[in-house]
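Peer 1: Encoded as structure tokens, here's the structure I'll be asking about.
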Amino acid sequence: MHQSGINMEQVKSYNRAMIIKYICEHKTASRVDIASECGLTPAAVTQIISPLIRDEIIVEVGTSGKQKGAGRRKVLLSMNYENIYLYSINIGRIESSIAITDINGDVAAMTHIPTDSKATPEQYLKVIANACVKLSDGVKEPIRNKIKGASVGIPGVVDIENGIAVRVYGVWEQSVSVRQILAKELGIPVIIQNDVNAFARAELLFGDGRYKDNLLIVKWGRGVGGAVVIDGNVYGNKERKTAEIGHMIVDPQGDICSCGKRGCLETRASYKKLNSIIPFELEDFAGAFEKGDEKQKKELEEVISLFALALVNACELAAPEEIILCGPLFKDELVRNKLKQSMILIDPSFKNDRLIFTKLYDKEEYLGPVAEFLHRAVFGLKF
Numbered sequence: 000m001h002q003s004g005i006n007m008e009q010v011k012s013y014n015r016a017m018i019i020k021y022i023c024e025h026k027t028a029s030r031v032d033i034a035s036e037c038g039l040t041p042a043a044v045t046q047i048i049s050p051l052i053r054d055e056i057i058v059e060v061g062t063s064g065k066q067k068g069a070g071r072r073k074v075l076l077s078m079n080y081e082n083i084y085l086y087s088i089n090i091g092r093i094e095s096s097i098a099i100t101d102i103n104g105d106v107a108a109m110t111h112i113p114t115d116s117k118a119t120p121e122q123y124l125k126v127i128a129n130a131c132v133k134l135s136d137g138v139k140e141p142i143r144n145k146i147k148g149a150s151v152g153i154p155g156v157v158d159i160e161n162g163i164a165v166r167v168y169g170v171w172e173q174s175v176s177v178r179q180i181l182a183k184e185l186g187i188p189v190i191i192q193n194d195v196n197a198f199a200r201a202e203l204l205f206g207d208g209r210y211k212d213n214l215l216i217v218k219w220g221r222g223v224g225g226a227v228v229i230d231g232n233v234y235g236n237k238e239r240k241t242a243e244i245g246h247m248i249v250d251p252q253g254d255i256c257s258c259g260k261r262g263c264l265e266t267r268a269s270y271k272k273l274n275s276i277i278p279f280e281l282e283d284f285a286g287a288f289e290k291g292d293e294k295q296k297k298e299l300e301e302v303i304s305l306f307a308l309a310l311v312n313a314c315e316l317a318a319p320e321e322i323i324l325c326g327p328l329f330k331d332e333l334v335r336n337k338l339k340q341s342m343i344l345i346d347p348s349f350k351n352d353r354l355i356f357t358k359l360y361d362k363e364e365y366l367g368p369v370a371e372f373l374h375r376a377v378f379g380l381k382f
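Given below as structure tokens:
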């Protein structure tokens, strides 16, 4: 997405990010190749690379095996992934996960704790902080000493600039200063982001999003979440609003949603609502279709149709090249095929190869916060 009013500091941050992303994507790269491919002068590349080498974010890893003509071989640069670790925290409605990972998403340790929505936010965040400390006590000292920050994914509306969870659906109703509380408890920098927006960032850095500029990310788990990527950037406006697919109105006469509106998709498609039609385990939605009676199957099919309607309408607005599905309720191919069929019934021009399942499914719990940390703390980007 075009950024209006960009100043020189933002240009420097953008160029720094472009260089780091290029190195990440190519594993190794020379200064000459970076300058050529990123459209920068060799002097500009050197100016950006030097402090990154000094801070051991980037390292020199030898020379290129091939060199045209006479002269020295190109010195190759690579990311020093294992020099920076973080706490990757995902706060869920029922359970929260905490992982210690490097900035490549390689996990050193991981744990899960129940989400206590009855405790005050301050009390529960202290529980999370204590769990972080306990987890770090179990890793080797060199890793523990390299933990540079914490990144938190939150299911709801967040003010990323001020580190405030404005509203966490199904957990906290009031605004919570997540960054301030966790930073005080852990003694390290903390960043926060909407959980699906963070996962969209992971798709851009580690998944299929590397190859597309415009995406719609849709998560279906206990609730329904979404994120929009436009020109390679995760959309979010100044009012902290993101692409809340789960809060698109699909039934104007329906139930009141946790967001306060009536008839949101989530009032019909949440795991709690589906489980009231027929009990099933979160990761076995296909099994519900297979064991349900005719009435139950019809109700489930209706939910799929409403979901398809929301996605078709979202596509008209966002015009994504691909829709990336994630979350446990999309895990089974049977469910995804039913969704594709419903979307084609609504819009015969819809090409079902635009609808894909994430390749990062087994990393969903922690990779979003890692990508957000990489984007903001390492790349140095705020937008």
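Position 177 of the sequence shown, counting from 1, maps to 176 under numbering that gives the first Met the number 0, and the rest follow consecutively.
For every residue, glycine included, the Cβ atom is placed at its ideal position computed from N, Cα and C.
In this text, all values refer to a predicted model and were calculated from it rather than measured experimentally.
1. My parser needs the alpha helix (DSSP H) runs of 4 or more residues fully inside the region 323–378; what are they?
2. Buried or exposed: G262, going by 16 or more other Cβ atoms within 10 Å of its Cβ?
3. Assuming I18 and I47 are in contact, meaning their beta carbons sit under 8 Å apart, how far apart are those beta carbons, in whole angstroms?
4. How many whole angstroms separate the CB atoms of M342 and A307, which I take to be in contact at a CB cut-off of 8 Å?
5. Run through the DSSP bridge pairs and tell me what P113 is partnered with.
6. Run through the region 175–247 for me and flag every whole beta strand (DSSP E) of 3 or more residues, listed as ranges in chain order.
7. DSSP puts A108 in a beta bridge; with which residues?
8. Ends of the alpha helix (DSSP H) at G148?
9. Considering only the beta carbon of each residue, do L338 and L354 sit closer than 9 Å?
10. One question on the structure: do P120 and E94 come within less than 9 Å of each other, judged by their Cβ atoms?
11. Using only alpha-carbon positions, find the residue among R71, D115, L75, D283 that is nearest to G91.
12. Which residue wins for smallest C-alpha separation from N14, given the options T45, T27, K26?
13. Does DSSP classify Y168 as helix, strand or coil?
14. On the premise that L85 lies in contact with A149, defined as a C-beta separation below 8 Å, what is that separation, rounded to the nearest angstrom?
15. Touching or not, the region 178–197 and the region 154–165, by the rule of three or more beta carbon pairs under 8 Å?
16. For N14, name the three-state secondary structure that DSSP assigns.
17. Measure the beta-carbon distance from G367 to A201 and round it to whole angstroms, keeping in mind my assumption that it falls under 8 Å.
18. What is the rounded straight-line gap between the Cα of K350 and the Cα of W219?
19. Using DSSP with H/G/I as helix, E/B as strand and the rest coil, what is M7?
20. Taking the beta carbon of I322 as the centre, do at least 16 other beta carbons fall within 10 Å, making it buried, or is it exposed?
21. Does the region 127–147 touch the region 94–106, meaning 3 or more C-beta pairs lie closer than 8 Å?
22. Can you confirm whether the region 277–293 touches the region 244–258 when touching is taken to mean that 3 or more C-beta pairs between the two stretches lie within less than 8 Å?
Peer 2: According to the data block:
1. 332–345, 363–372
2. buried
3. 6 Å
4. 4 Å
5. E94
6. 189–193, 214–219, 223–229
7. I99
8. Run containing G148: none in the alpha helix (DSSP H); it sits in the beta strand (DSSP E), 146–153.
9. yes
10. no
11. D115
12. T45
13. coil
14. 6 Å
15. yes
16. helix
17. 5 Å
18. 21 Å
19. helix
20. buried
21. yes
22. no
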